[in-house]
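Mapping to my numbering: the sequence shown position 131 is 1577, numbers consecutive.
Notes follow once the structure below has been shown.
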Amino acid sequence: MKLGKFTINIIETGTFGLDGGAMFGVVPKNLWASKYSAPDEQNRIPMRSRSLLLQFDKKTIIVDTGNGNKFSQKLQSIYAIDSTKESLEISLHNYGVSNEDVTDVLLTHLHFDHSGGATSYDGNLLVPTFTNALYYVNEEHLQWALNPVLKDQASFIKENFVPLLEHGVLKTLTNDTPFEGISFEILHGHTRALQGYKITTPERTIFFPSDLCPTAAHIPLPYGMGYDNFPLSTIEEKKRLWKKAVEEEWIVVFQHDAFIPAGIIGENDKGYFLREQVSFD
Ligand SMILES: [Zn+2]
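Structure follows, in structure tokens:
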């Protein structure tokens, strides 16, 4: 999709599975299973992990890096992580982008399904995957990830981001990015100081809310995740942002939705809903 100076593509980085109950918090199973997907025998529902590829001027930027490929056999089987058919590497290759071409990596937060692809093994050494890139994350979130609370500590795997610090390539942001047209909302509901990125162009705004709204089924305000650290903040944040998203017809990307990559949110007397799907092809 070409908007203003940006060429914007959604790229697939692989599939995985998460517990359906955890993904939908207090929503009863008969509701989420009919709305999203029936779970497998381990109660997991299908998930994808998506990144954004932004190309403009001489920049090649990716937003988030998916699960990556450093998992132990055990974790791979718990989370049904599969990057054999689609992966960050395969998707970038399909757009003619090599790892060396990537100039910047914007991370929404450091949970493993967003930062896993940021580092890779070079022999026994853990190194930044994108050798010419600078990486960015929120300063407050980095401190949270380095000193995690019990609730989301299992989602932080230090191998995904400590090597970036050691190589001096992880920059922290506080309230803006260095790139004109790319900004972020700081969100505290899912984890502390997650950055939901906004790409603003004369035609449209693209919003990448990350885990504020992982699937289109999470658009309604009460549909929050059990994983959220501060569920009431998630509701307030969606309420504030969906109002604008409806007014300005933002294209919202659903990073983990196995079926619907992006869409436009509508509002009726029952609340917010997916008004239409949007294809980037
Ligand atoms: Zn997360």
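C-beta atoms are modelled at their ideal positions from N, C-alpha and C, and glycine is treated no differently.
- Membership of M1469 in the alpha helix (DSSP H) is indicated by the continuous run G1466 to F1470.
- Counting C-beta atoms within 10 angstroms of its own C-beta, S1480 has fewer than 16 neighbours from the protein chains shown and is therefore classed as exposed.
- Looking at the DSSP output, E1631 bridges to G1642.
- With a cutoff of 8 Å on beta-carbon distance, D1510 and L1553 are scored as near each other.
- Distances from the CB of T1680 to the heavy atoms of ligand 1 are all 7 Å or more.
- Contact between N1593 and A1564 fails: their C-beta atoms lie close to 19 Å from each other, not under 8 Å.
- Under the three-state reduction of DSSP, I1681 is assigned to helix.
- In the three-state reduction of the DSSP assignment, R1650 falls in the coil class, being assigned neither a helical nor a strand state.
- M1493 has F1462 and D1703 as its beta-bridge partners, per DSSP.
- By the Cβ test, the stretch 1597–1606 is not in contact with the stretch 1641–1659, since fewer than three Cβ pairs between them sit closer than 8 Å.
- Going by C-alpha positions, G1471 is about 34 Å away from M1447.
- Relative to ligand 1, H1555 has its C-beta within less than 7 Å of a heavy atom.
- Its chain contains I1456 as the residues whose beta carbon lies nearer than 6 Å to that of P1707, once the 5 sequence neighbours on both sides are disregarded; these appear in chain order.
- The Cβ atoms of D1568 and T1506 lie no closer than 8 Å to each other.
- Per the C-alpha coordinates, the member of D1703, P1660 and V1615 positioned closest to K1684 is P1660.
- The C-beta distance from G1562 to G1514 rounds to 3 Å, short enough to fall under 8 Å.
- Following the DSSP letters along the chain, one finds F1558 inside the alpha helix (DSSP H) bounded by residues F1558 to S1561.
- Excluding its 5 nearest sequence neighbours in each direction, F1676 has C-beta neighbours in its own chain below 7 Å: H1634 and G1635, listed in chain order.
- Counting only the Cα atoms, F1517 lies some 24 Å from N1578.
- Within the same chain, and ignoring the five residues on either side of F1602 in sequence, the residues whose Cβ sits closer than 8 Å to its Cβ are L1556, H1557, F1558, A1591 and P1594.
- With distances taken between CA atoms, L1687 lies nearest to L1658 out of G1672, L1658 and Q1701.
- Collapsing the DSSP output to three states places N1545 in a helix.
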